[in-house]
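Down below is the structure, laid out as C-alpha cells.
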Amino acid sequence: MREAIYKANVATLLGLFASGYGVAYADEFTGQYLATANLSTQTRLEPSLNNRVTANYAPSWMKGNFDFRIEQYTENSYHGVDNAMVRERKLEEQINYNYPLTEKIYATVGILHHNNFTFTDNYYWGVAGLVWNGDILPDTNLTSGVLAEKRNAGGRVFYDFSATLERRFLRKYGAFAAAHIYENLGESDITPTHKREFEVGVNYYPNKRYFAGISYFYHQQVGDPTDRFSMVKLKLGLNF
C-alpha cells in the first residue's frame, strides 16, 4: 500500500484547491494533521498508528499552488520469505505543483520519496497527471486522478488511477467510497505488480477545524493471494 491516493493519493488532495481557480489575491497557506489508528481484521488485531501532515501554499504572484505531504505509517503485510505477516514501518515525503486548467481540473507534477525501515526499500518516484475535483450533485463531491509515475532508478512508466466519492448528509456527516488501482515496483520486486485498494466509511465534521471518521480498508495484489490485507481505520484530523 502507498499512503500517497497514497504516490499521489488524490483522496489526500481534497484540500489542495482552497485557493480557487486562477491566481490568489493574497498568499494562502493551509494544512491538515491526520492521526489514524488501524486494527487488522486478519488473524490478529495488530494495532498501528499513522501520522500525516499535509500543507498547501498558493502564492499570490502566480497561478496554481504547491502541496506538501510527510507521512509516517505502519502496515501489516505478508512476507513470502518468512511465510508470515510482518509489521512494516514506512515514511513518505511528497511535493506537488498543481496548475488549474479549468475550475475543476488541475494538472499536477511532483516527486515522492518512499522509505521502508523494516526492509531495504528506498526510492524516488516522479509523478504527473490530471486531477478532477468538484461537486457532481448537491452535497456529493468527486475527486479523481489519472497519473503517470516513473521511478528514478529507471524502467517504464506506470499507471495510477484513483477516485473518492463523498456524500454529505445530516449536515455534519459524509459517507464515502474510494478506489485506488495502480502499478508498483518495490526494491524486492522482480517484475511490476498490479495493486488494488478500496475503502468505505463515514466522516464526522463538527466544525471546519476538526473532523473524525471510521472506515474499512482492503488491499490486494492482483494474482497473489498472499498479498491481501484489510483493516478498520479510526481517524482524527485537524485543519489549520
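If you use this note's numbering, the sequence shown closes out at 323, no skipped numbers anywhere. Glycine residues also receive a C-beta, built at the ideal position from the N, C-alpha and C atoms.
On the CB-based measure, 16 or more other CB atoms within 10 Å of its CB, does residue i come out buried or exposed?
i	result
Trp144	exposed
Phe100	With a pLDDT of 44 at Phe100, under the threshold of 50, the modelled position of this residue cannot be trusted, and the question is left open.
Phe252	exposed
Gly284	buried
Gln125	exposed
Gly193	buried
Thr185	exposed
Asn121	buried
Asn290	exposed
Arg135	buried
Ala87	Unreliable positioning characterises Ala87 in this predicted model, as indicated by a pLDDT of 40, which lies under 50. A coordinate reading is not provided.
What's the gap between the Cα of residue i and the Cα of residue j?
i	j	result
Tyr207	Phe200	15 Å
Tyr89	Ala261	In this prediction, Tyr89 has a pLDDT of 42, which is less than 50 and means its spatial position is unreliable; what the coordinates show is noted afterwards. Answer to the nearest angstrom: the Cα atoms are 12 Å apart.
Ser123	Met168	11 Å
Gly212	Tyr180	11 Å
Trp215	Asn159	31 Å
Asn205	Arg172	12 Å
Thr276	His302	13 Å
Arg127	Asn235	37 Å
Thr113	Lys146	17 Å
Thr274	Glu111	43 Å
Ala141	Gln177	17 Å
Ala231	Thr157	26 Å
Pro130	Pro308	22 Å
Thr247	Thr203	32 Å
Lys255	Ile219	19 Å
Thr137	Phe312	26 Å
Phe300	His197	21 Å
Pro183	Leu195	21 Å
Val310	Arg170	Before going on, a small fix: residue 310 reads as Asp here, not Val. Taking the straight line joining both Cα atoms gives about 13 Å.
Ile153	Ala109	25 Å
Tyr61	Met314	Lying before the first or after the last residue shown, residue 61 is absent from the chain, which here runs from 84 to 323.
Lys318	Phe151	20 Å
Gln155	Pro221	35 Å
Measuring CB to CB, does residue i end up less than 8 Å from residue j?
i	j	result
Phe294	Ile264	no
Asp233	Gly257	Here the sequence assigns Lys to residue 233, which means Asp is not the residue at that position. The answer is no: Cβ separation not under 8 Å.
Tyr116	Gly306	no
Ser298	Lys278	no
Asn286	Phe259	yes
Thr226	Arg250	no
Leu268	Gly238	yes
Phe328	Glu280	Shown here, the chain extends from 84 to 323; a query on residue 328 therefore has no answer.
So, under 8 Å CB-CB, residue i and residue j are touching, yes? Tell me the CB distance rounded to an integer number of Å.
i	j	result
Lys187	Gly217	4 Å
Thr119	Asn133	4 Å
Tell me whether residue i counts as near the ligand HEM, meaning its Cβ is closer than 7 Å to at least one heavy atom of that ligand.
i	result
Lys291	Here there are no bound small molecules, and the ligand HEM is not part of this structure.
Could I get the ranges of all uninterrupted beta strand (DSSP E) runs contained in the segment 154-227, with 3 residues as the minimum, in chain order?
Counting only runs of 3 or more, we get 167-183, 188-199, 204-220.
Which whole runs of the alpha helix (DSSP H) in the segment 234-288 are 4 residues long or more, in chain order?
Entirely contained in the segment 234-288, not one alpha helix (DSSP H) run reaches 4 residues.
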